[in-house]
Amino acid sequence: MNLKNEKINNIMKVFLKIHYRNEIVTVACCDENLLNQDFNEGNLKIKISNQFFGGNLVSIKEAIEILKEASYFNIVGENIVKEVVNCKILPKEGVRSINGVPMAMKMMF
277 MNLKNEKINN IMKVFLKIHY RNEIVTVACC DENLLNQDFN EGNLKIKISN QFFGGNLVSI
337 KEAIEILKEA SYFNIVGENI VKEVVNCKIL PKEGVRSING VPMAMKMMF
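All residue numbers for the sequence shown refer to our numbering, where the first residue is 277 and numbers rise by one.
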């Protein structure tokens, strides 16, 4: 990561919330500007609810460190998805867009 990207990643913020259910830990993360919005495209719909995504407001750098260790996550938004792909946490082929908003999920079976 170069210095310019390092500065951007410390300034840009995302909401990050960690959910615990039984033995499974899921991280939900979205770009700061997407919270409480809905996106639809054909049969696809995603609701960026405060209940699921609205945790702590953190830097993208902090979020990336948490997502690197996560077995399960849901991410939504151009900024966080781009960094997850750049950091090789997920391949770009794993990214889907709904109404132009990128999203991705990671699940371990």
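Note that beta-carbon positions come from the ideal geometry of N, C-alpha and C, so glycine has one too.
{"query": "Examine the Cβ distances between the region 316-335 and the region 359-367 and report whether three or more of them are shorter than 8 Å.", "result": "no"}
{"query": "Just to confirm, is the Cβ distance from A346 to V290 under 8 Å?", "result": "no"}
{"query": "For N362, which of G376, I294 and K337 has the nearest alpha-carbon?", "result": "K337"}
{"query": "Which partner residues of I322 appear in the DSSP bridge assignment?", "result": "F315"}
{"query": "Looking at R372 and M383, is the spacing between their C-beta atoms short of 8 Å?", "result": "no"}
{"query": "From L343 to I351, what distance separates their C-alpha atoms?", "result": "9 Å"}
{"query": "Along the chain, where does the beta strand (DSSP E) that runs through A304 open and close?", "result": "I300 to D307"}
{"query": "What number of angstroms, rounded off, separates the C-alpha of L279 from the C-alpha of N298?", "result": "Bear in mind that the predicted position of L279 carries a pLDDT of just 41, short of 50, making it unreliable; the figure below should be weighed with that in mind. Going from the Cα of L279 to the Cα of N298 covers about 40 Å."}
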